[in-house]
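For reference, the structure is listed below as structure tokens.
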Amino acid sequence: FKPPMPLDEFRTEAKRHLENTLISIKAKNKVVTQNINTTKKSGGTNRKVQLTPRGQLHNETIYGSQKKYIVKEETVNAKFDLAKIATVTKLRYKKALLQRLNEFGNDPKKAFIGVNVLSKNPIWLNELHTEKVPEKVKTLSIETVYTIRKDISPDLKIDKVIDKRVKEVLEARLKEFNGNAKQAFSNLDENPIWLNKEKSISIKRVTITGVSNAEPLHDKRDKEGNIILSNDGKKQAVDFVSTSNNHHVAIYRDADGNLQDYVVSFYEAVCRRNLGLPIIDKEFKVKEGWTFLFSMKQNEYFVFPNEKTGFNPLEVDLLNSDNYALISPNLFRVQTMSKVIYGNNIIRDYKFRHHLETSVKDIIELKNITYKQYKTLNFINNIYKVRINHIGQIVSVGEY
-15 FKPPMPLDEF RTEAKRHLEN TLISIKAKNK VVTQNINTTK KSGGTNRKVQ
35 LTPRGQLHNE TIYGSQKKYI VKEETVNAKF DLAKIATVTK LRYKKALLQR
85 LNEFGNDPKK AFIGVNVLSK NPIWLNELHT EKVPEKVKTL SIETVYTIRK
135 DISPDLKIDK VIDKRVKEVL EARLKEFNGN AKQAFSNLDE NPIWLNKEKS
185 ISIKRVTITG VSNAEPLHDK RDKEGNIILS NDGKKQAVDF VSTSNNHHVA
235 IYRDADGNLQ DYVVSFYEAV CRRNLGLPII DKEFKVKEGW TFLFSMKQNE
285 YFVFPNEKTG FNPLEVDLLN SDNYALISPN LFRVQTMSKV IYGNNIIRDY
335 KFRHHLETSV KDIIELKNIT YKQYKTLNFI NNIYKVRINH IGQIVSVGEY
């Protein structure tokens, strides 16, 4: 065998080509496709063009809903506007907080922050200054809880049971069997769990909490199919589902210069397409001063800065193939993205996987090398979206 070039040169050349290789994975862009449905009729056929979703719209489970009272102990701060103070449980505290807020033109930042924080400038409840509004007050709010009926089994999580009395009975049953759920919640026909033994009322199924966010499928109707309105004349949503399958995240900058994100589920994307609306809403809150920056879908690519190596995407021509060796270590694709809202709390999770990485296993020692994970939006300021074609070439920079 006679090599075409010296082995040392071959290794160098092979290394150069490998370093310049960018892997392309097709992004999930399709939302719906047009299909022609053909049906027979007397004298011919009917042909109708319809839009077919190209993915799962929602999870299979159908949830109900209930209203639940939530009591919290919260620190008086800049969030205590008129609506928030209205949830304070103690009337004396509520009136005193409203009076302080009114004195400062209904501006909670001026009323309860800085020199007017309650620890520095208390709100006294009497002339002798012996009673004051505490720094933490109890608030009462109503939240919608999505529920599902489930058979009692050893894998039942008792803390998710809605009914307090039923929960106590199940906890007592578990305690009776020394915490052995398999023995406590099996063979219920022969050894029932009694809610009221005198009236022979046993428990076989319970209502538990389901997902935190859900979308309604239908409006409440009677057996004839007529819509049932609420007491205030509004439609009532029923049959809730978890959409879970996100299509994209749209990134904006608000009027104050802060980054904002809006997660669009695949279910919502299909609805927008059926209504003839753009799937990515670039005009979202534009009247409030918001500016659209870019969207983020699964398997789309972003170039990140690297403080250790000094790599800055702004200083590199990303379209020049000679720079691929510099770009490659800092090129990541979108793996997962989520945003969950619990009351006033927002939990985000953005995960990116290196374009050469074939495994999706998270090894903490390789964080920021094979994958990146973020819980806030601060990382967005310095990243650049790129489009890679099917042969591994960067063909555009920015939103496309």
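Numbers -15 to 384, taken from the numbering used here, label the letters of the sequence shown in order.
C-beta atoms are modelled at their ideal positions from N, C-alpha and C, and glycine is treated no differently.
Beta-carbon contacts of residue i that lie in its chain and below 6 Å, excluding the five residues immediately before and after
i, result
"Pro106", "Lys116"
"Ser380", "Arg371"
"Ala221", "Pro200"
"Thr22", "Thr29, Arg31"
"Glu57", "Lys120, Lys122"
"Thr227", "His42, Glu199, Ser249, Tyr251"
"Asn4", "Tyr308, Ala309"
"Leu85", "Ala95"
"Ile20", "Arg31, Val33"
"Trp108", "Lys116"
"Leu158", "Ala168"
"Arg133", "Arg189, Thr191"
Assumed close pair residue i, residue j - CB separation to whole angstroms, cut-off 8 Å
i, j, result
"Val287", "Asn314", "6 Å"
"Thr131", "Ile54", "Not confirmed; about 15 Å, so no contact."
"Ser312", "Leu6", "6 Å"
"Ala338", "Ser8", "The sequence shown places His at residue 338, not Ala. Incorrect: roughly 14 Å between the Cβ atoms, too far for contact."
"Lys10", "Asn283", "7 Å"
Cutoff 8 Å; reference residue i; Cβ partners in own chain excluding five residues on either side
i, result
"Ile136", "Leu154, Phe169, Leu172, Ile177, Ile187, Lys188, Arg189, Val190"
"Leu310", "Phe295, Val300"
"Lys351", "Gln357"
"Asn362", "Leu243"
"Gly260", "none"
"Glu160", "Ala168"
Straight-line Cα distance separating residue j from residue i
i, j, result
"Lys78", "Val225", "37 Å"
"Met(-11)", "Arg0", "15 Å"
"Tyr308", "Lys93", "49 Å"
"Arg205", "Leu213", "9 Å"
"Leu82", "Leu66", "7 Å"
"Thr293", "Phe268", "37 Å"
"Leu298", "Asp223", "49 Å"
"Ile348", "Leu340", "18 Å"
"Ser322", "Asn365", "19 Å"
"Lys369", "Asp143", "44 Å"
"Pro(-13)", "Glu(-7)", "11 Å"
"Ser103", "Gly89", "21 Å"
"Asn210", "Lys219", "11 Å"
"Val72", "Leu124", "6 Å"
"Leu2", "Ser49", "55 Å"
"Ala239", "Thr128", "31 Å"
"Asn215", "Arg257", "34 Å"
"Asp306", "Asn13", "29 Å"
"Ile69", "Val99", "20 Å"
"Pro118", "Asn290", "47 Å"
"Ile378", "Leu303", "6 Å"
First through last residue of the alpha helix (DSSP H) which encompasses residue i
i, result
"Phe(-6)", "-9 to 3"
"Arg157", "148 to 160"
"Val225", "Premise fails: Val225 lies in the beta strand (DSSP E), 221 to 225, not in any alpha helix (DSSP H)."
"Val254", "250 to 258"
"Gln83", "75 to 87"
"Lys269", "It is not in any alpha helix (DSSP H) - Lys269 carries neither H nor E in the DSSP assignment."
"Phe96", "92 to 96"
"Lys12", "Per DSSP, Lys12 belongs to no alpha helix (DSSP H) and is neither H nor E."
"Ile367", "That residue, Ile367, is in no alpha helix (DSSP H); it is neither H nor E in DSSP."
"Leu66", "66 to 69"
"Ile264", "Element bounds for Ile264: n/a, residue is neither H nor E."
For residue i, the first and last residue of its enclosing beta strand (DSSP E)
i, result
"Ile235", "230 to 237"
"Pro200", "199 to 203"
"Ala165", "First-last for Ala165: 165 to 168, but that is the alpha helix (DSSP H), not the beta strand (DSSP E)."
"Tyr53", "48 to 59"
"Tyr384", "Premise fails: Tyr384 is in no beta strand (DSSP E) and is neither H nor E."
"Leu30", "According to the sequence provided, residue 30 is Asn. The question's Leu does not apply to it. 28 to 37 is the span of the beta strand (DSSP E), which, as asked, contains Asn30."
"Leu315", "315 to 326"
"Ile107", "Unbroken run through Ile107: none, as it is neither H nor E."
Cut-off 7 Å between Cβ atoms - residues of its own chain near residue i, not counting five sequence neighbours on either side
i, result
"Ile97", "Asn61, Ala62"
"Tyr326", "Ser196"
"Val254", "Val15, Val16, Pro37, Leu41"
"Phe336", "Phe286, Phe316, Arg317, Val318, Gln319, Tyr355, Lys356"
"Val324", "Ser196, Asn197, Ile331"
"Ile264", "His232, Ala234, Ser279"
"Lys151", "Ile142, Val145"
Cβ-heavy atom distance, residue i to the ligand MG, below 6 Å
i, result
"Pro313", "What this structure holds is no ligand at all, so the ligand MG is not there to describe."
Next on the checklist: Taking contact to mean 3 or more Cβ pairs, one atom from each stretch, closer than 8 Å, check whether the region 22 to 29 and the region 42 to 53 are in contact.
Outcome noted: They do not touch, by the three-pair rule.
Checklist entry - Does the count of Cβ pairs from the region 232 to 250 and the region -9 to 5 closer than 8 Å reach three? => result The region 232 to 250, when compared against the region -9 to 5, does not touch it at the 8 Å Cβ threshold.
Checklist entry - Would you call the region 274 to 287 and the region 229 to 243 touching, i.e. three or more CB-CB distances under 8 Å? => result Three or more pairs of CB atoms, one per stretch, sit closer than 8 Å, so the region 274 to 287 contacts the region 229 to 243.
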